[in-house]
Structures are given as C-alpha cells and as structure tokens.
Amino acid sequence: VVKYFVSLWSLICIFIFYFVEHKVIIVGLDNAGKTTILYQFLMNEVVHTSPTIGSNVEEIVVKKTHFLMWDIGGQESLRSSWNTYYSNTEFIILVVDSTDRERLAISKEELYKMLAHEDLRKAAVLIFANKQDMKGCMSAAEISKYLTLSSIKDHPWHIQSCCALTGEG
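Here the UniProt record's numbering is used: the sequence shown runs in plain steps of one and ends on residue 169.
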C-alpha cells in the first residue's frame with residue numbers, strides 16, 4: 001500500500017509540474033505591442049498584426065513549464081472588460097509603449113486598477129517598456145519612476161526594456 005501511495009504521489013507531482021498551465025494576461029493600451037510580444041514568445045519572429053478585438057490566446061512552453069497567454073485588446077472600449085480575464089491569473093504582463101508619453105498616465109491608472117482587483121491579489125507583474133529602438137523613447141527607469149513602481153509592495157514586479165520587433169529584452 002505504501003509503495004502504491006508513493007508511486008501515485010510521484011505521478012501527481014509529475015502531472016502538476018509538467019501539465020499545470022500558468023495563466024498569464026498581456027495587457028496595455030492599444031498599439032503598445034502586446035500581440036507582437038505574444039508571437040515573439042511563441043514563434044520567435046515578427047508577425048503582421050492588426051488591432052486585437054477581444055483576445056488572442058496561445059499556449060507557450062518554456063523549459064517544460066506551460067503558460068496560457070491571454071493577449072487582451074487595449075482599445076479604450078475594451079479596457080472595462082479586462083477584469084473578465086482576471087480569474088486564476090498568476091502573471092500580468094503590462095506592455096507600455098515607451099514613445100507614448102501622452103498616455104502614460106492612462107497606463108498607470110489601468111495598472112493600479114488591476115493591482116487593486118481581488119482576483120489579481122497574488123499575481124506577479126512584468127512591465128515591458130517596449131519600443132526601445134525608437135528615437136526619443138522613455139527609458140525603463142523613467143517609466144518606472146512615472147508609474148511609481150517602487151510603491152508596489154504587495155505584488156512581485158519587474159520592469160524590462162524591450163523591442164518586440166527584434167525580440168531584444
């Protein structure tokens with residue numbers, strides 16, 4: 001009986017490690033580069049994209065870990081429905097267009113709305129400061145300061161400079 005239990009427990013552990021999917025939502029304002037980043041993760045190449053109406057979902061496996069990636073449209077009319085995707089989310093990827101200074105305040109507002117949501121209370125946050133290849137873009141440090149990321153104490157977070165078109169970062 002003990003041998004059977006140990007074997008069963010081993011199978012359960014293997015199942016959890018190899019087959020449990022971790023839910024990730026990719027959010028950000030329209031034209032930030034969310035879909036381009038999703039497909040860089042998936043195929044390591046640039047794909048032609050059009051504005052996302054609703055969402056795109058893809059499974060990505062990294063070192064035997066499965067991630068279910070939800071790329072959610074960022075147009076103003078869609079942002080009020082982001083919360084319908086929050087249930088069971090473990091990771092938030094917020095994509096910020098580093099050239100869009102005029103709308104950084106909106107990104108900040110959306111970030112703090114998400115962090116206050118009950119369904120995301122345990123979610124870790126990765127902020128991609130995208131479009132770092134563009135002249136005059138804000139650095140990740142500037143974006144971090146503007147978003148007051150250092151004030152976030154109840155969620156693990158990291159900000160990363162990137163260029164979705166080249167896959168850098």
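No residue lacks a Cβ here, since even glycine has one placed at the ideal position from N, Cα and C.
Extent of the continuous alpha helix (DSSP H) to which residue i belongs
i	result
residue 123	First-last for residue 123: undefined, no H or E at that position.
Extent of the continuous beta strand (DSSP E) to which residue i belongs
i	result
residue 58	55-62
residue 144	No beta strand (DSSP E) holds residue 144; the alpha helix (DSSP H) holding it covers 140-146.
residue 37	It is not in any beta strand (DSSP E) - residue 37 instead sits in the alpha helix (DSSP H) that spans 34-43.
residue 153	Careful: residue 153 lies outside any beta strand (DSSP E) and carries neither H nor E.
residue 49	Note, residue 49: premise wrong, no beta strand (DSSP E); not H, not E.
residue 71	65-72
residue 27	21-27
Among the options, the one whose alpha carbon lies nearest that of residue i
i	options	result
residue 160	30, 37 and 105	37
residue 106	22, 24 and 29	29
residue 82	110, 150, 103 and 60	110
residue 74	100, 32, 108 and 144	32
residue 158	56, 125 and 103	125
residue 27	65, 64, 89 and 149	89
residue 167	21, 46, 22 and 25	46
residue 54	137, 79, 20 and 156	79
residue 92	101, 117, 100 and 102	117
residue 100	62, 65 and 146	146
residue 65	115, 21 and 169	21
residue 137	104, 48 and 60	104
Counted within 10 angstroms of its Cβ, other Cβ atoms place residue i as buried (16 or more) or exposed
i	result
residue 86	buried
residue 140	buried
residue 77	exposed
residue 154	exposed
residue 123	buried
residue 121	exposed
residue 35	buried
residue 164	buried
residue 51	exposed
residue 84	exposed
residue 151	exposed
residue 24	buried
residue 143	buried
residue 63	exposed
C-beta neighbour in chain D for residue i, strict 8 Å
i	result
residue 131	Considering every chain present, this structure includes no chain D. It has just one protein chain.
**Asked** Do three or more CB pairs link the stretch 83-103 to the stretch 126-140 at distances below 8 Å?
**Response** The stretch 83-103 makes contact with the stretch 126-140; the number of CB pairs closer than 8 Å reaches 3 or more.
**Message:** As an exercise, report each continuous beta strand (DSSP E) stretch of at least 3 residues that is fully enclosed by the stretch 79-134, in chain order.
**Reply:** Entirely contained in the stretch 79-134, the beta strand (DSSP E) runs reaching 3 residues are, in chain order, 89-97 and 124-130.
**Prompt:** Does the count of Cβ pairs from the stretch 33-47 and the stretch 67-76 closer than 8 Å reach three?
**Reply:** For the pair of segments examined, the stretch 33-47 was found to touch the stretch 67-76: the number of CB pairs separated by less than 8 Å reaches three.
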